[in-house]
Amino acid sequence: MKERVAAGGRGGVAGADGCPYVEPDAGGPGRRRGALRLAIAGKGGSGKTTIAGTLARLLAARDRTVLAVDGDTNPNLGQALGLPTEGASEIAALPGDLLKRVEDEAGARTVLTVPAQEVLARYGRDIDLNIRLLVMGRVDHAGAG
Ligand SMILES: Nc1ncnc2c1ncn2[C@@H]1O[C@H](COP(=O)(O)OP(=O)(O)O)[C@@H](O)[C@H]1O
Ligand SMILES: [Mg+2]
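Position one of the sequence shown corresponds to residue 8 (our numbering), numbered consecutively onward.
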């Protein structure tokens, strides 16, 4: 999985205005009805970043809030969203200690060590009013991946 575009709805359902129809989230605890989670995956060079950036822009233009998550170890979704290369490479990637493994009576699982809102506030980069970008990680030097 390379790029994810998560869009929080502000009313309306994707598809009603000509967008390709995407089944809206039925809504569970803590989830807004109408929120979408899209993952864009595929082989290298197949257009994932271009599609993710375009989708983010299209959704934002329709007044939806978008959290764009770049999961590529060679991230360039920032540039696709219009950031200059220099600015995009300065975005801090998420550190590994944001996750920890816990095991209790509920079973073994991986959990965040800080609230999700804090992750967004600390590491999110606002592209414009409707789009925020998170960079999962990057390979800083050869052999680090
Ligand atoms: N529909 C398309 N037609 C032609 N070229 C495209 C198209 N989509 C993407 N590209 C180009 O193909 C290259 C790889 O696209 P990119 O989105 O970076 O792929 P990925 O993220 O899957 O590696 C880029 O140079 C991009 O500009
Ligand atoms: Mg890419």
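In this text, a Cβ means the ideal position worked out from N, Cα and C, and glycines have one as well. Values in this document were obtained by computation on a predicted structure and should not be read as measured data.
Residue i: CB within 6 angstroms of a non-hydrogen atom of ligand 2
i     : result
Lys50 : no
Asp77 : no
Thr92 : no
Residues near residue i by beta carbon distance below 6 angstroms, same chain, minus five either side
i      : result
Ala33  : Note that Ala33 has pLDDT 46, beneath the 50 cutoff, so the model's placement of it is unreliable and the number below is only indicative. Cβ neighbours of Ala33 beyond the five flanking positions: none.
Arg132 : Ile98, Leu140
Leu45  : Val12
Integer Cβ distance of residue i from residue j, believed to fall under 8 angstroms
i      : j     : result
Arg145 : Pro91 : With 8 angstroms as the limit, Arg145 and Pro91 do not qualify as a contact, their Cβ atoms being about 17 angstroms apart.
Thr56  : Glu10 : 6 angstroms
Val12  : Ala87 : Actually they do not touch by this definition, with Cβ atoms about 11 angstroms apart.
Gly89  : Ile47 : That pair is no contact at about 18 angstroms.
Same chain, Cβ closer than 7 angstroms to residue i, five either side skipped, listed in chain order
i      : result
Leu84  : Glu10, Thr56, Ala59, Gly60, Ala75, Asp77, Leu140
Leu136 : none
Proximity test, Cβ basis, 7 angstroms: residue i and chain C
i     : result
Lys50 : In the structure shown, chain C does not exist; there is a single protein chain.
Close Cβ partners of residue i (< 8 angstroms) along its chain, the five nearest in sequence each way excluded
i      : result
Leu106 : Thr117, Val118, Leu119, Thr120
Arg123 : One detail in the question is off: residue 123 reads as Ala in this sequence, not Arg. Within the same chain, Ala123 has no close Cβ partners at all.
Distance cut-off 6 angstroms: residue i Cβ against heavy atoms of ligand 1
i     : result
Lys55 : yes
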